[in-house]
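This report refers to the structure that appears directly beneath it.
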Amino acid sequence: MSDEIEWIDEEAGPVVRPYAMTGGRTRPSSTAFDLLSMVVATGATISPRANLGSQHRRLLGVVGRARPIVEIASEVELPVGVIRVLLGDLLDQGLILVRQPVTAASSPAQSLLQEVINGLRAL
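The opening residue of the sequence shown carries number 3 in the working numbering; numbering runs sequentially from there.
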């Protein structure tokens with residue numbers, strides 16, 4: 003028997019536990035993150051003092067356009083909890099903006115929309 007470590011799956015690569023990516027943190031520094039919150043990069047320059055890892059930088063590449071948190075988690079194949087913690091770090095650095103989803107109460111009333119449609123048809 004050889005002393006070499008054998009991978010069962012060649013594509014598995016090195017395994018990093020999610021808590022290692024977040025430094026053991028399980029909660030984001032901000033409560034601004036809803037599953038449907040839209041996140042977008044600000045385009046700000048990353049400070050040399052910013053303690054950002056490769057996953058942070060990967061997320062900045064993903065949020066070049068506004069996307070919901072669940073979509074981001076799906077694309078980078080990480081748990082939503084980990085994504086929230088990492089995005090909290092980016093928010094603290096001013097590198098992303100977070101917008102809450104539009105609630106049904108803040109959308110226009112159906113009667114108003116119907117009046118707009120009727121007005122457009124009248125043109």
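Ideal placement from N, C-alpha and C gives every residue a C-beta, glycine not left out.
Just so we're clear, the structure is a prediction, and the values are computed from it rather than from any experiment.
query: Coil, strand or helix - A111 by DSSP; result: coil
query: Beta strand (DSSP E) runs wholly inside the region 48-103, at least 3 long, in chain order; result: 98-101
query: Buried versus exposed, by CB contacts within 10 Å (16 or more), R86; result: buried
query: Local Cβ density within 10 Å of G63, reported as buried at 16 or more and exposed below that; result: exposed
query: Neighbourhood of S113 by C-beta distance below 8 Å, restricted to the same chain and skipping five residues each side; result: none
query: Residue span of the beta strand (DSSP E) that contains A46, given as start and end; result: That residue, A46, is in no beta strand (DSSP E); it is neither H nor E in DSSP.
query: Span separating the alpha-carbon of L92 from that of I98; result: 6 Å
query: Nonlocal neighbours in the same chain, by C-beta distance under 7 Å from V65, ignoring five residues either side; result: V41, V42, A43, I74, I98
query: Buried versus exposed, by CB contacts within 10 Å (16 or more), Q57; result: buried
query: Same chain only: Cβ atoms within 8 Å of I71, ignoring 5 sequence neighbours per side; result: F35, D36, L37, L38, S39, V41, V82, I85, R86, L89
query: Distance between Q102 and G55 (C-alpha atoms, nearest Å); result: 26 Å
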